[in-house]
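Student:
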Amino acid sequence: MQTLESEHLICRVSPHGAELQSLLLKANAEELIWQGNPTVWSGRAPILFPIVGALRNLPKLHKKGAVMLPKHGFARTQRFQLIEQRDALARYSLTSNAETLKLYPWHFELQVCFELMSDRLAIHYEVRNKYESELLFNLGSHPAFRLPLENSTLSDYSIQFDQPENLELYSVTPEGLLDPSATKYALSSSRIELSETIFNNDALVFKNINSTHISLLHRSQGTRLSVATGSAPHIGIWAKPGAQFVCIEPWWGHADFSDANSEFAQKSSIQSLLRGNVFSTSIEIRPSIAG
Numbered sequence: 001m002q003t004l005e006s007e008h009l010i011c012r013v014s015p016h017g018a019e020l021q022s023l024l025l026k027a028n029a030e031e032l033i034w035q036g037n038p039t040v041w042s043g044r045a046p047i048l049f050p051i052v053g054a055l056r057n058l059p060k061l062h063k064k065g066a067v068m069l070p071k072h073g074f075a076r077t078q079r080f081q082l083i084e085q086r087d088a089l090a091r092y093s094l095t096s097n098a099e100t101l102k103l104y105p106w107h108f109e110l111q112v113c114f115e116l117m118s119d120r121l122a123i124h125y126e127v128r129n130k131y132e133s134e135l136l137f138n139l140g141s142h143p144a145f146r147l148p149l150e151n152s153t154l155s156d157y158s159i160q161f162d163q164p165e166n167l168e169l170y171s172v173t174p175e176g177l178l179d180p181s182a183t184k185y186a187l188s189s190s191r192i193e194l195s196e197t198i199f200n201n202d203a204l205v206f207k208n209i210n211s212t213h214i215s216l217l218h219r220s221q222g223t224r225l226s227v228a229t230g231s232a233p234h235i236g237i238w239a240k241p242g243a244q245f246v247c248i249e250p251w252w253g254h255a256d257f258s259d260a261n262s263e264f265a266q267k268s269s270i271q272s273l274l275r276g277n278v279f280s281t282s283i284e285i286r287p288s289i290a291g
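When the letters of the sequence shown are read in order and numbered with our numbering, they come out as residues 1 to 291.
Below, the structure written as structure tokens:
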């Protein structure tokens, strides 16, 4: 476990999945990250790679071989190597290995760098293609933010978009796929008002959003934190019904549609990276810091 510290924040990261374990406000020792209660949901902030969501019709077919990836891929279950550490920075690397090649027949390197600044945490992602003529992948971030519900309820919170949105909701099927028939999703003053029942049918999934900053607000206390999405095209908002967290998930990809074919290269929103190139993106988590 690596610990990073800045003027206002303390961050802890596990090499298992290169997963953010804690983001603590130093002023009052308040924890912002869900602490992974296994009776509710054991995750905290898993990295989704090399797919986001579930695949339809396994194995997926490709000229390189069969693709047998589980939901959200394998990065969250792999041990990353720490390749750089300073007081406020830790960089991890995952490379293809015998286990990953059985599920995903591409050689790759995924680097994840946690950089703690005075008032925010930046998480940088780099997918590197050193060997393949073309590397196909998705990438997603899945941080779960703790909600103090002792004196409030989920309906006291909302999700704020920073740009006007004409959202369409893609419903999640029981198999974890997306219904291709999207429905209009109305916002109230560019906000999604949360409720005790809003996640009863799984995540809220929106494609091709305009916003680059999405905030978690409390009705009376204002902004709890903001997530800079790195211009990710898609977003998932999710929690276990009744749980004391909500996930704000920037995605470069999404689950298969329920009518998807068996060709992996034809997967909707697949990213393509040619040999010698690097896919780079970042998200930032900026808490509200009193004073």
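Don't be surprised by glycine CBs; every beta carbon is placed ideally from N, CA and C.
This structure is a prediction, so every number in the text was calculated from the model and none was measured.
Quick check on residue 115: buried or exposed, where buried means 16 or more other Cβ atoms within 10 Å of its Cβ?
Tutor: As a working note, residue 115 is residue 115 in the sequence shown. By the neighbour-count rule (16 or more Cβ atoms within 10 Å), residue 115 is buried.
Student: Taking C-beta to C-beta, are residue 18 and residue 80 nearer than 7 Å?
Tutor: As a first step, residue 18 is located in the sequence shown; it is residue number 18 there, counting from the start. As a first step, residue 80 is located in the sequence shown; it is residue number 80 there, counting from the start. Result yes, Cβ atoms of residue 18 and residue 80 sit closer than 7 Å.
Student: Can you check whether the CB of residue 255 is closer than 7 Å to the CB of residue 54?
Tutor: Looking up residue 54 in the sequence shown gives position 54. Looking up residue 255 in the sequence shown gives position 255. Yes, Cβ-Cβ distance for residue 54 and residue 255 is below 7 Å.
Student: Return the chain-ordered list of same chain residues with a C-beta closer than 6 Å to the C-beta of residue 279, the five sequence neighbours on each side being excluded.
Tutor: Locating residue 279 in the sequence shown gives position 279, where the first residue counts as 1. For residue 279, where only same-chain residues beyond five positions count, the Cβ hits under 6 Å are 127 and 273.
Student: Please return the same chain residues whose Cβ sits closer than 7 Å to the Cβ of residue 118, not counting the five positions on each side in sequence.
Tutor: The residue labelled residue 118 in the question sits at position 118 within the sequence shown. 6, 7 and 8.
Student: Go ahead and pull the three-state DSSP assignment for residue 98.
Tutor: Indexing the sequence shown from 1 puts residue 98 at position 98. If DSSP states are grouped into helix, strand and coil, residue 98 belongs with the helices.
Student: Please go through the stretch 130 to 156 and give each complete alpha helix (DSSP H) segment of 4 or more residues, from N-terminal end onward.
Tutor: If we require 4 residues or more, the stretch 130 to 156 turns out to have no alpha helix (DSSP H) run fully inside it.
Student: Quick one: grab the DSSP three-state call for residue 88.
Tutor: Numbered from its first residue, the sequence shown carries residue 88 at position 88. Looking at residue 88 - three-state DSSP - the assignment turns out to be coil, as it is neither helix nor strand.
Student: Less than 6 Å between C-beta atoms, sequence neighbours within five positions excluded: which residues of the same chain meet that for residue 40?
Tutor: On the sequence shown, position 40 is the one that residue 40 refers to. The residues are 240 and 243.
Student: Within the chosen definition, does the stretch 152 to 160 reach the stretch 188 to 203 through at least 3 CB pairs nearer than 8 Å?
Tutor: Short answer: they touch.
Student: Would you mind sorting residue 26 into buried or exposed? The rule is 16 or more other CB atoms within 10 Å of its CB.
Tutor: On the sequence shown, residue 26 is found 26 positions in, with the first residue counted as 1. So residue 26 ends up on the exposed side.
Student: Quick one: residues in its chain with C-beta nearer than 6 Å to the C-beta of residue 260, no 5 flanking neighbours on either side, listed in chain order?
Tutor: Taking the sequence shown and counting its residues from 1, the one referred to as residue 260 is at position 260. Excluding residues within five positions, the ones whose Cβ falls inside 6 Å are 56.
Student: Tell me the DSSP secondary structure of residue 221 in three-state form.
Tutor: In the sequence shown, the residue the question calls residue 221 occupies position 221. Reduced to three states, the DSSP call for residue 221 is coil.
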